[in-house]
Amino acid sequence: MRLLLVEDTVELARWLQKALTQKGFAVDWVADGVAADHMLHSEEYVLVVLDVSLPRMDGIEVLTRLRRRGKNVPVLLLTARSALDDRVRGLNQGADDYLTKPFELDELEARLRALLRRSQTLSAQNQALGQLTRDPEGYFLLADKPLALTPREASILTTLMQRRGRPVSRQHLYEQTFTLADDVSLESIELYVHRVRKKLAGSDVAIVTLRGLGYSLETVPCG
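According to the working numbering, the sequence shown is numbered sequentially starting from 14.
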């Protein structure tokens, strides 16, 4: 069970690395956001423990880049007790859980074990909703036939599939689909959602607009 620990407080990081290793994890440790972004781009982990306040690149940006690349590894954020905004931003960007400092090791381990169980359950089978299936490699099938999608369409459908049945805001879809270098407006997300809707038409899965909340991928009557 390989875990990435991203924490810039050396004493805390060393204590966590030792303690989690004793609990059966193989722990890689980096102390800044740029190094974390590099490791998450080049290595595979089952879990990430990510501090929000980091040098060179903050934890929220590391998380945003990770999710934009389509990586679903569970992420637990470490935040200051008073940093409510960081917790909200982190959850909106795709964090799976958070823990405020200071914390007890037993609580951290319990939360990590819960995230690991949930992740293993999801990865043991294809993600599916009605006639729509996403395999572990990220390819979609609709009624057992390959669904042709552009990279941006696939990014939108992947984000919706990961949160199927729950609302996803336009802002979150935008951030998962486009990079800072893309010269497109937030409204452009509606065009790509429309295109994906057309490709799902006639099946028992549809993208539903939730006024004020965004979009949700849900099952519907066929046709």
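C-beta: ideal position from N, C-alpha, C; glycine also.
Three or more beta-carbon pairs separated by less than 8 angstroms link the stretch 109-126 to the stretch 77-90, which places the two stretches in contact. The three-state reading of DSSP puts P164 in helix, counting H, G and I together.
Of the other Cβ atoms in all chains shown, 16 or more fall within 10 Å of the Cβ of V40; this residue is therefore buried. With fewer than 16 other CB atoms across the displayed protein chains lying within 10 angstroms of its CB, V23 is exposed.
Below 8 angstroms, too few C-beta pairs join the stretch 25-32 and the stretch 70-83 to call them touching: fewer than three. Contiguous beta strand (DSSP E) elements confined to the stretch 150-217 occur at 153-155, taking only those with 3 or more residues.
Across the set S55, G83, D109, the C-alpha of D109 shows the shortest separation from the C-alpha of L63. Only residues of its own chain outside the window of five on either side were considered, and among them M14 have a CB closer than 8 angstroms to the CB of G37, listed in chain order.
In the structure shown, the three-state DSSP call for L53 is helix.
Around the beta-carbon of F116, fewer than 16 other beta-carbon atoms lie within 10 Å, marking it exposed. Cβ-Cβ separation between I202 and L186: approximately 5 angstroms, consistent with a contact (criterion under 8 angstroms).
Under the three-state reduction of DSSP output, D41 falls in the strand class.
A residue is called buried once 16 or more other Cβ atoms fall within 10 Å of its Cβ, and R82, having fewer, is exposed. For Q35, the secondary structure class from DSSP, reduced to helix, strand or coil, is helix. Counting the other CB atoms within 10 Å of its CB gives A161 a total below 16, which places it among the exposed residues. Under DSSP, the beta-bridge partners assigned to E231 are A219. Bridge pairing for L112: L91 [DSSP]. T22 sits in coil when the DSSP states are folded into three classes, being neither helix nor strand. The distance from the Cβ of L17 to that of M52 is about 6 angstroms, consistent with a contact at the 8 angstroms cut-off. The beta carbon of R179 lies closer than 8 angstroms to those of S229 in the same chain, with the five residues before and after it left out. In this structure, the straight-line span from the alpha carbon of E56 to that of L79 is close to 12 angstroms.
For L142, the enclosing beta strand (DSSP E) starts and ends at 140-142. Between L154 and Q189, the alpha-carbon positions lie close to 21 angstroms from each other. R100 places its beta carbon less than 8 angstroms from that of Y111.
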